[in-house]
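Sequential numbering from 27 applies to the sequence shown in UniProt numbering. One structure is given here, and the rest of the page talks about it.
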Amino acid sequence: TSACLSAIEGADALGAFVHNTPDIATKQAKASDARIKAGDAPAMCGIPLGIKDLFCTKGVPSQAASGILDGFKPEYESTVTSQLFDAGAVMLGKLNMDEFAMGSSNETSVYGNAVNPWRRGNDDTALTPGGSSGGSASAVAADLCLAATGTDTGGSIRQPAAFVGITGLKPTYGRVSRWGIVAFASSLDQAGPMTKDVRDAAIMLQAMCGHDPKDSTSADLPVPDFEAALTGDIKGKTIGIPKEYRMDGMPEEIEKLWADGTTMLKDAGAKIVDISLPHTKYALPAYYVIAPAEASSNLARYDGVRFGHRAQLAQGDGITEMYEKTRAEGFGAEVQRRVMVGTYVLSAGFYDAYYNRARKVRALIKRDFDEVFADGVDAILTPATPSAAFGLGEMADADPIQMYLNDVFTVTVNLAGLPGISVPAGLDKQGLPLGLQLIGRPWEEADLLNTAYALE
Ligand code: GLN
27 TSACLSAIEG
37 ADALGAFVHN
47 TPDIATKQAK
57 ASDARIKAGD
67 APAMCGIPLG
77 IKDLFCTKGV
87 PSQAASGILD
97 GFKPEYESTV
107 TSQLFDAGAV
117 MLGKLNMDEF
127 AMGSSNETSV
137 YGNAVNPWRR
147 GNDDTALTPG
157 GSSGGSASAV
167 AADLCLAATG
177 TDTGGSIRQP
187 AAFVGITGLK
197 PTYGRVSRWG
207 IVAFASSLDQ
217 AGPMTKDVRD
227 AAIMLQAMCG
237 HDPKDSTSAD
247 LPVPDFEAAL
257 TGDIKGKTIG
267 IPKEYRMDGM
277 PEEIEKLWAD
287 GTTMLKDAGA
297 KIVDISLPHT
307 KYALPAYYVI
317 APAEASSNLA
327 RYDGVRFGHR
337 AQLAQGDGIT
347 EMYEKTRAEG
357 FGAEVQRRVM
367 VGTYVLSAGF
377 YDAYYNRARK
387 VRALIKRDFD
397 EVFADGVDAI
407 LTPATPSAAF
417 GLGEMADADP
427 IQMYLNDVFT
437 VTVNLAGLPG
447 ISVPAGLDKQ
457 GLPLGLQLIG
467 RPWEEADLLN
477 TAYALE
């Protein structure tokens with residue numbers, strides 16, 4: 027913990043931590059020391075973590091990297107962080123992210139962007155650590171903490187993990203409680219571990235997950251021993267390679283990465299089969315209707331009355347002006363865009379054409395996966411991202427659709443509620459990390475982690 031705290035002090039330039047909690051860390055670390063001495067030490071005991079700013083942490087600023095939550099200190103602890111702390115984990119501070127987890131580059135944060143510790147060849151352009159869990163990715167890759175919490179609505183754990191060369195797991199929807207995590211799109215959001223390797227992901231998931239009566243979508247299912255599942259034996263497993271993920275204009279390096287990963291799994295004894303997920307091409311448009319729709323509803327609570335920021339009002343302003351001015355000042359441009367898109371697709375005149383249609387597409391995407399799993403496929407291998415990390419600012423001024431394309435390989439997994447993991451799989455020509463994604467059957471994180479372990 028002390029080593030991490032001093033590393034954080036020297037790493038302001040990375041912009042990974044937005045709020046440090048050294049006093050809490052020291053207190054928790056001492057308590058964990060005592061537990062270790064007493065012989066009562068679960069695996070997470072004494073492990074220094076960074077916590078994404080989307081998690082409500084009691085008495086500690088929790089702003090979802092938004093101006094609208096300025097000064098907000100929750101009165102309560104999220105289920106995930108409280109489970110981690112009960113297991114002896116230590117909180118070093120809160121981590122940067124895209125505002126309300128909307129973005130793929132950490133550039134929509136009110137705190138400014140986080141930076142990727144990696145560089146492109148000899149070029150010293152600062153690169154994005156990805157998003158929305160960009161601070162988590164940057165902090166773990168730069169050894170500022172041993173692991174971090176992330177959340178993933180459309181790829182926000184897996185894409186940043188791939189961009190910085192770490193492991194990121196999005197569990198099955200319902201495996202991890204969403205209680206006390208600021209909501210973005212409630213039917214897609216899921217928290218998970220961002221770690222240095224697959225074993226750490228297994229250990230951290232164990233402490234994070236389980237049934238929580240405070241989240242009605244949390245599953246009341248037994249939790250297996252994830253670490254015990256890591257045998258590395260995948261003989262006889264069937265791995266599907268979906269042809270629809272072979273996109274036009276896919277960089278050769280990504281093709282090669284994917285082929286190399288396939289060979290590794292085959293050499294480890296897995297059976298490789300070509301599969302088809304025919305509705306893949308509709309996933310991104312469906313996601314960018316459903317996620318903003320849910321966000322527009324979730325974000326209605328930020329009205330200047332109950333949380334954070336309230337605009338200065340002029341003489342004669344009423345409650346409408348208060349809402350309008352507060353929300354115009356407190357929300358950044360991307361969040362405002364999503365609220366407008368979401369409100370539009372839910373409006374009476376367009377509900378059937380957009381929102382309802384997207385829901386139907388979502389059901390078809392889920393059915394595609396159900397069918398391949400029913401045919402005996404155990405896991406699906408794809409690239410995690412369509413490219414390596416890009417330069418900060420390179421995409422920010424482009425058409426927002428360019429940014430949304432980052433999620434092309436990851437959003438299907440959220441739409442279908444499946445577990446997905448991104449593992450580091452090599453470097454591109456310029457020396458930047460690339461990741462491969464494995465998608466598993468629902469609730470079979472143990473098996474998925476073991477397949478990822480074989481790929482590591
Ligand atoms: N990049 C996607 C978005 O902007 C996903 C974000 C996420 O998973 N939180 O919506």
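All residues carry an ideal CB built from backbone N, CA and C; glycine is no exception. Keep in mind it's a predicted model, so treat the numbers as computed, not measured.
CB of residue i to nearest heavy atom of the ligand GLN: below 7 Å?
i: S130; result: yes
i: D433; result: yes
i: D79; result: no
i: S182; result: yes
i: A217; result: no
i: T154; result: no
i: T411; result: no
i: G157; result: yes
i: D425; result: no
i: F357; result: no
i: A115; result: no
i: F210; result: yes
i: T177; result: yes
i: A127; result: yes
i: A317; result: yes
For residue i, is the classification buried or exposed, using 16 other Cβ atoms within 10 angstroms of its Cβ as the cut-off for buried?
i: residue 24; result: Given a span of 27 to 482 for the chain in the structure shown, any question on residue 24 remains unanswerable.
i: M123; result: buried
i: G375; result: exposed
i: A379; result: exposed
i: V202; result: buried
i: R332; result: exposed
i: I427; result: exposed
i: A326; result: exposed
i: V299; result: exposed
i: T175; result: buried
i: E101; result: exposed
i: Q216; result: buried
i: M429; result: buried
i: E470; result: buried
i: M421; result: buried
i: Q89; result: buried
Thinking C-beta only, is residue j closer than 8 Å to residue i?
i: P143; j: L40; result: yes
i: I391; j: H305; result: yes
i: K240; j: W205; result: yes
i: M220; j: I183; result: yes
i: P318; j: V371; result: yes
i: T27; j: P74; result: yes
i: S448; j: G287; result: no
i: L121; j: D79; result: yes
i: P468; j: G443; result: yes
i: G417; j: G93; result: no
i: I34; j: L118; result: yes
i: A451; j: L460; result: yes
i: S302; j: E270; result: yes
i: G200; j: A245; result: yes
i: G157; j: T436; result: no
i: G330; j: Y349; result: yes
i: F252; j: L475; result: yes
i: A51; j: L31; result: yes
i: L481; j: A414; result: no
i: G358; j: V136; result: yes
i: L291; j: L407; result: yes
i: P68; j: G114; result: yes
Which residue or residues does DSSP assign as beta-bridge partners of residue i?
i: A146; result: Looking at the sequence shown, residue 146 is not Ala but Arg. Note: R146 sits in a beta bridge opposite D149.
i: K120; result: H45, I77
i: Q216; result: D178
i: K297; result: T264
i: T154; result: In the DSSP output, where bridge partners are listed per residue, T154 has none listed.
i: T243; result: DSSP, once it has assigned bridges, lists no residue as partnering T243.
i: I406; result: G266, I465
i: residue 483; result: Coverage of the chain is limited to positions 27 through 482, which leaves residue 483 absent and any answer about it impossible.
Any heavy atom of the ligand MG closer than 7 Å to the beta-carbon of residue i?
i: F376; result: As for the ligand MG, it is missing from this structure, which binds only the ligand GLN.
8 Å is my cut-off, CB to CB: does residue i come that close to chain B?
i: G236; result: Protein chain content of the structure displayed is limited to a single chain, and chain B is not contained in it.
| said: My parser needs the beta strand (DSSP E) runs of 3 or more residues fully inside the region 38–105; what are they? | reply: 43–46, 74–78
| field | Every unbroken alpha helix (DSSP H) inside the region 299–369 [4 residues or more] | value | 309–324, 345–356
- Query: In the region 414–462, which residue ranges form an unbroken alpha helix (DSSP H) of at least 4 residues, counting only runs that do not cross its ends?
  - Reply: 426–430, 437–441
Quick check on the DSSP output: what are the complete alpha helix (DSSP H) runs of length 4 or more inside the region 168–210, in order along the chain?
184–190
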